[in-house]
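Participant: First the structure, then my questions, so here it is.
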Amino acid sequence: MFETVIGLEVHVQLNTKTKLFCSCPTSFNHKQNVNTCPTCLALPGALPVLNKEVIHKAVMLGTAVDATINQTSFFDRKSYFYPDSPSAFQITQLYTPIVEHGKLQIDLEDGVTKTIRINRAHIEADAGKNIHDGDISKVDLNRAGTPLLEIVSEPDMNSAEEAILYLKKLHSIIRYLNIGDANMQEGSFRVDVNVSIRPKGDKKLYTRVEVKNINSFKFIQKAIELEVSRQSEAWEDGIYEKEICQETRLFDQVKQETRSMRGKEEAADYRYFPEPDLLKVVVTDEILKEFSVIPELPDAKHARFIKQYKMNEYNAGVITSSIEMAHFFETMMATNGVSAKTATSLLTVELQGRLKGDANISNSPVDAQKLGFLASRIDDQTISGKAAKDVLDYLMENDIDVDLVIDTLGLKQVTDTGAIETMCDEIISANPDKVEQYQAGKDKLFGFFVGQVMKASKGSANPQAVNEVLKAKLG
Ligand code: ADP
Ligand code: MG
Ligand code: ZN
Numbered sequence: 005m006f007e008t009v010i011g012l013e014v015h016v017q018l019n020t021k022t023k024l025f026c027s028c029p030t031s032f033n034h035k036q037n038v039n040t041c042p043t044c045l046a047l048p049g050a051l052p053v054l055n056k057e058v059i060h061k062a063v064m065l066g067t068a069v070d071a072t073i074n075q076t077s078f079f080d081r082k083s084y085f086y087p088d089s090p091s092a093f094q095i096t097q098l099y100t101p102i103v104e105h106g107k108l109q110i111d112l113e114d115g116v117t118k119t120i121r122i123n124r125a126h127i128e129a130d131a132g133k134n135i136h137d138g139d140i141s142k143v144d145l146n147r148a149g150t151p152l153l154e155i156v157s158e159p160d161m162n163s164a165e166e167a168i169l170y171l172k173k174l175h176s177i178i179r180y181l182n183i184g185d186a187n188m189q190e191g192s193f194r195v196d197v198n199v200s201i202r203p204k205g206d207k208k209l210y211t212r213v214e215v216k217n218i219n220s221f222k223f224i225q226k227a228i229e230l231e232v233s234r235q236s237e238a239w240e241d242g243i244y245e246k247e248i249c250q251e252t253r254l255f256d257q258v259k260q261e262t263r264s265m266r267g268k269e270e271a272a273d274y275r276y277f278p279e280p281d282l283l284k285v286v287v288t289d290e291i292l293k294e295f296s297v298i299p300e301l302p303d304a305k306h307a308r309f310i311k312q313y314k315m316n317e318y319n320a321g322v323i324t325s326s327i328e329m330a331h332f333f334e335t336m337m338a339t340n341g342v343s344a345k346t347a348t349s350l351l352t353v354e355l356q357g358r359l360k361g362d363a364n365i366s367n368s369p370v371d372a373q374k375l376g377f378l379a380s381r382i383d384d385q386t387i388s389g390k391a392a393k394d395v396l397d398y399l400m401e402n403d404i405d406v407d408l409v410i411d412t413l414g415l416k417q418v419t420d421t422g423a424i425e426t427m428c429d430e431i432i433s434a435n436p437d438k439v440e441q442y443q444a445g446k447d448k449l450f451g452f453f454v455g456q457v458m459k460a461s462k463g464s465a466n467p468q469a470v471n472e473v474l475k476a477k478l479g
């Protein structure tokens, strides 16, 4: 039997205002080649100047993954010839990256925590984009020179599931730190997957295949599974040596296969050498101090939510899975008199269940203040949990005040004991035979009385109050 071995390279586009070595904006622009200047067009004589914001964000990431921050690091030139790189080289950090030796914890299904080592995270410049238009190829250099942080793991993952857990955790850390959008469809979180297999128990690493730029977690999972079966079948058929070579492969989502894109270059092909146009990268003590203070991360938030709000593991996982959800929840909790239990179910069950298509927590028609207020109306017993669902349905379609909806729909719960007592008295006197049976010991009939009172109130009576009043009256 075989063991799968996976190492991941993730290119994160950093959300700085300007590019890595020039002051061109990094903002998305529909018009091609407008966010460019002599530096990112690599015109002769233009010199790069490092953007400080990039160092700050790298330090934050390094801190989040418990890594060593190299206070001195260097840039190197990697030569390659593609039309999307006008300089014919990429500025990257090969020999001394800014971040090294980190780690990240993933939570496996059986409750076991596994540590995935991070080899390094280095700064590099992105390329432009080739646009193929019939027989003509064009190039858009708006993206050329935007800052990337490439985060390289050790080959520590042993299944597609572990790889996805690692990627989701890393993705959420980047969003929590707000150092990048990490939007996979738009290419601001790009994953290269390195896959090999080996006989179980063998510690040696076998030939790895790299599958490039797959733009969703689902496809990454699929690409790994396809690659593992291709490699293990080759092994079983005795053609592993012949078939499996170190190469770059492409995942084809239509044909559901991986296929060879190009042979893997060796480091020597890139003719790496120290970048002569840039000074060393220095993380001063001041920068280190300032940017190693980072926001609460997903794992810490998860633990705090369980403790502070008495949440179960599952709900804490759902609510801390994204920074937007976590913020939404805590904004709800800031409303007077809201219990965590009500806020949790309104958010994770009721609101999430109503967000369809492109709607999500960030553009929800009902914001956190409003949902928090609705929760407070359940908790102060103005409305029942059931009525809150009707209010929420209404709020999803209409931007109006919560109390106004409650009034308009006539959903106010009757908690006034006077009114409830009157209703109970009526039901009791209308059913003398049932009262007799109940008092003779037929306890089950209690439910009948509650049901009748609830029905008489058209569901508006507070069930708890009804219970109490009936208990007192029936004895
Ligand atoms: P390159 O840029 O040439 O792909 P890197 O060193 O940047 O090289 O990345 C190599 C990646 O491949 C790392 O994530 C590493 O963990 C992974 N890797 C190395 N050897 C293997 C292997 N035998 N099987 C699976 N992954 C591997
Ligand atoms: Mg690689
Ligand atoms: Zn520029």
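Count along the sequence shown starting at 1, add 4, and that's the number in my numbering. For each residue, glycine too, the CB sits at the ideal point set by N, CA and C. Note that the structure is predicted; figures quoted are calculated from it, not measured.
Classify F25 as helix, strand or coil using the three-state DSSP reduction.
Facilitator: Three-state result, F25: coil.
Participant: Are the region 167-179 and the region 299-307 in contact at 8 Å, needing three or more beta carbon pairs?
Facilitator: With a cut-off of 8 Å, the region 299-307 and the region 167-179 count as touching, because enough Cβ pairs lie within range.
Participant: My guess is that I248 and T211 are in contact by the Cβ rule of under 8 Å, so how many angstroms apart are they, rounded?
Facilitator: Their Cβ separation, rounded to whole angstroms, is 5 Å, which keeps I248 and T211 in contact under 8 Å.
Participant: Considering only DSSP beta bridges, list what F6 is partnered with.
Facilitator: Partner(s): P203.
Participant: Tell me which residues pass a beta-carbon proximity test against the ligand ADP: closer than 6 Å to any heavy atom, given in chain order.
Facilitator: Listed along the chain, these residues meet the criterion: V9, I10, G11, L12, E13, V156, S157, E158, P159, N198, V199, S200, L209, Y210, R212, E214.
Participant: Return yes when the C-beta of K23 is under 7 Å from any heavy atom of the ligand ZN, and no when it is not.
Facilitator: Checking every heavy atom of the ligand ZN against the Cβ of K23, one is found closer than 7 Å.
Participant: Taking 8 Å as the cut-off, decide whether the C-beta atoms of T72 and E104 are in contact.
Facilitator: In contact: T72 and E104 (Cβ atoms closer than 8 Å).
Participant: Q94 bridges to which residues according to DSSP?
Facilitator: According to DSSP, Q94 bridges with K82.
Participant: By how many angstroms is the C-alpha of Q97 removed from the C-alpha of K61?
Facilitator: K61 and Q97: Cα-Cα distance of roughly 16 Å.
Participant: Taking Cβ to Cβ, would you say F32 is nearer than 8 Å to E279?
Facilitator: No, these two residues do not count as a Cβ contact at 8 Å.
Participant: Out of F25, F452, T421, N134, point me to the one whose CA is closest to V58's CA.
Facilitator: Measuring from the Cα of V58, the nearest candidate turns out to be F25.
Participant: May I ask you to verify whether the region 30-46 touches the region 158-166, counting CB pairs closer than 8 Å and requiring at least 3?
Facilitator: Counting Cβ pairs under 8 Å, fewer than three are found: no touch.
Participant: Using the Cα positions of V14 and V197, report the straight-line distance between them to the nearest angstrom.
Facilitator: One C-alpha to the other measures close to 9 Å.
Participant: For T288, which residues of its own chain have a beta-carbon under 8 Å away from its beta-carbon, when the five flanking residues on both sides are left out?
Facilitator: Contacts found: Q75.
Participant: Which partner residues of D394 appear in the DSSP bridge assignment?
Facilitator: Bridge partners of D394: none, in fact.
Participant: Can you tell me where the alpha helix (DSSP H) holding I327 begins and where it ends?
Facilitator: Start and end: 327-337.
Participant: Using 8 Å as the threshold, is the region 194-208 in touch with the region 80-97, meaning 3 or more CB pairs across them?
Facilitator: Result no; under three Cβ-Cβ pairs closer than 8 Å.
Participant: What span of residues does the beta strand (DSSP E) with P151 cover, start to end?
Facilitator: Run containing P151: 151-157, per the beta strand (DSSP E) assignment.
Participant: Which residues does DSSP list as the beta-bridge partners of R194?
Facilitator: H15.
Participant: Just to check, is the beta-carbon of T40 closer than 7 Å to a non-hydrogen atom of the ligand ZN?
Facilitator: Yes.
Participant: Sort G11, D273, F255 by Cα distance to F223 and report the nearest one.
Facilitator: Per the Cα distances, F255.
Participant: Mind checking L283: buried by the 16 CB within 10 Å criterion, or exposed?
Facilitator: With fewer than 16 other Cβ atoms within 10 Å, it is exposed.
Participant: Are the CB atoms of L413 and L375 within a distance shorter than 8 Å?
Facilitator: No; because the gap between Cβ atoms is not below 8 Å, this pair is not in contact.
Participant: Would the beta-carbon of T150 be found less than 7 Å away from any heavy atom of the ligand ZN?
Facilitator: No, since every heavy atom of the ligand ZN falls outside the 7 Å radius drawn around the Cβ of T150.
Participant: Look at the alpha carbon of K118 and the alpha carbon of S236, and state the distance between them as a whole number of angstroms.
Facilitator: The straight-line gap from Cα to Cα measures roughly 25 Å.
Participant: Quick check on M5: buried or exposed, where buried means 16 or more other Cβ atoms within 10 Å of its Cβ?
Facilitator: With fewer than 16 Cβ atoms within 10 Å of its Cβ, M5 is classed as exposed.
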